[in-house]
Every structure is written in structure tokens, then in C-alpha cells.
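Chemist:
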Amino acid sequence: MLSKRLVSTAAICLLLGAGTAACGDNKDSDKAAAPATTAAAAATPTATPTPTVAKLDTDKLSAQELEQKAKDALAGATALRISGTMADADGKMEMDLSMDKKGQCLGTVTLPGMGKIDIIGDGKASYLKGDPTFLAAMAGQTGDKNGAQVAELLKGRYLTGFDSDPQMKMMTSFCSLSDFSKQIVDGKTDKAEKGVAGNVNGVKTFSLKVTDSSGEQSTLQIATEGKPYLVQVETVSAKDGNTTINFSDFDKPLTVQAPPADNVIDFSKFKAQVKGA
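According to mature numbering (1 follows the signal peptide of the UniProt record, and there is no 0), the stretch in the sequence shown is residues -23 to -1, 1 to 254, in order.
(1) With a CB to CB cut of under 7 Å and the five nearest residues on each side skipped, what residues in its chain are close to residue 243?
(2) Closest Cβ-Cβ distance between residue 38 and chain C: below 7 Å?
(3) Please work out which residues of its chain come closer than 6 Å, Cβ to Cβ, to residue 188, disregarding the five sequence neighbours upstream and downstream, and give them in chain order.
(4) Is the segment 33 to 51 in contact with the segment 214 to 221, if contact means three or more CB pairs nearer than 8 Å?
(5) If you draw a straight line from the C-alpha of residue 64 to the C-alpha of residue 70, how long is it?
(6) Using three-state DSSP, classify residue 234 as helix, strand or coil.
(7) Three or more beta-carbon pairs under 8 Å between the segment 99 to 106 and the segment 226 to 238, yes or no?
(8) Taking the alpha-carbon positions, what's the residue 186 to residue 199 distance?
(9) Which one of 206, 105, 35 and 183 has the shortest CA to CA distance from residue 83?
(10) Go through its chain and collect everything with a Cβ distance to residue 13's Cβ below 6 Å, but skip five positions before and after it.
(11) What are the residues that DSSP puts in a beta bridge with residue 82?
(12) Given a cut-off of 7 Å, decide if residue 206 and residue 52 are closer than it, judged by their beta-carbon atoms.
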């Protein structure tokens, strides 16, 4: 249903973000030790210092060092949002998912020719719900007498309890920030070259051109102010088409609630009902 390469592409592309610097408040000096001031001077407002924003030294650092800084920033991220289009021999998969290291996840994945799937992960269980297009496509691919029943059984309902099933687990494996982070941080590129400064998605960036072990080339856009998160990944493939992945909402707390119980069907019960039909 979902090609392994599409999932792999999603994982490899996970790096990014718009970094921000934390700003501390400056305390007033001890009033007891402060010299007396006139009323006019006291009435003059104190200027607020401009906060210092960390900047990436793209001139001094090598391409490999810049890439490593982006990986290190990702490893420390507690949450993020990933969105964009991933190209594969099967077509283009669209993704818009927010996830964190607590195991929470919320968003949608649209598969080529298959429709859209809503995904919810509350840190304890995962839930999937296909739209009418997805259910119709699934029933059509099944091609047996149970196809229509399966679609009707799942209509408007979330499927859960499948995390131990290898095939179903694949549907949510790319929704784990910890898994994504590990694959990116541990991943190796054969070649990295420095690019140019730019502005991507409202973030000041510096580009890197990287080549992986298969010879595929991608352009990484790394934030140059604040934490050096990767803001965007673009891969151009004459065979499969273009892939563009954007990342945002780094470290933004995620609140997820499981769907209502009457809107959920357990995977084991679902299989039993289909088998008994």
C-alpha cells in the first residue's frame, strides 16, 4: 500500500526548522546602591537592550561542520512539524504531521491515487482513519467480496491496536520523531558542498548541496540565526520527480487527544469481523 522507499524518503529528509534564541530579562541594579536621581531622570524610561541572537558562522565552518550542526540541532529538538511532497516511483505522497519525542503525533498523509489518512498518536496508541477516497481505493485493491465490507466497517472510524503488526506499523513509523531523528543523525552523506545565503519560509538560511551513497543530490537549507535547524530539503530526480520537505514549529508543545471510543475500532476485532464475513 505504501512503498518502503516513500517512508525511507520521509525519514531521510527529516532535518530542519526555524530557530529562535531565548531572551533573558535584565534586572535593575540594586536600588540601595544606586545614586540619587532627579525626578526628571527617574521619569526617563530605561532603554531595553536588543537581545543577542546566535548566528551561524557560514564563512568559518566547512560544509561537513554545517551539516553536523544541523544534525545536532535536530537531535535536541523536542517537537516539530513536517510538511511537503515526497516523490517516489509510485507517485507523490503529501504529508503534514506534527510530532514530538513523547510519542505524540497529529496530522495527515495523502498517498498517490489512494486518498488521505488522518493520523493520531497520543503517546500510548496510534489511530488511523482513511477518507472516502482511501476507503474506496482500498476496497478496489482488495478485489474480493470483503472489499466493500471493509470500507463500510472503517467508514468514519479510526483503526487502532495495530502497532505490533509489521505492515500496519509501517503506516505510523514515519510519525516518530525519535526514530526520524536517529536515522538523520546516524545517516551519512558521501559529499557536502557549501552553497549561498538565502531566505526560505521567512527564515534566513544557508544552503548545502549533499550527495548520498546512491548518488542522489539534495539541497539543504539551514537556519543561520538561532538554532541551526534545517528549514527545507529539496531533491530533484529525473526518474521520480521533485521532493520538497519543510520543517517548522520546532520545540512547540503538542497537545493530542485520542478519538472518542465510539469512533474507534480495534484492529484484532476488525480482522475477526472481516475473516468471519
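The beta carbon of each residue, even a glycine, is placed where N, CA and C say it ideally should be.
Being a predicted model, the structure only gives us computed values, none of them experimental.
Modeler: According to the data block:
(1) 137 and 138
(2) This model lacks chain C altogether, as it is built from one protein chain only.
(3) 167, 168 and 194
(4) Counting C-beta pairs closer than 8 Å gives fewer than three between the segment 33 to 51 and the segment 214 to 221, which falls short of the contact rule.
(5) 6 Å
(6) coil
(7) With the cut-off at 8 Å, the segment 99 to 106 and the segment 226 to 238 touch.
(8) 11 Å
(9) Between residue 83 and the set 206, 105, 35 and 183, the nearest pair of CA atoms involves 105.
(10) Since pLDDT at residue 13 reaches only 37, below the 50 mark, its modelled position is unreliable, and no value is offered.
(11) Answer is 76 and 98, bridged to residue 82.
(12) No, Cβ-Cβ distance for residue 52 and residue 206 is not below 7 Å.
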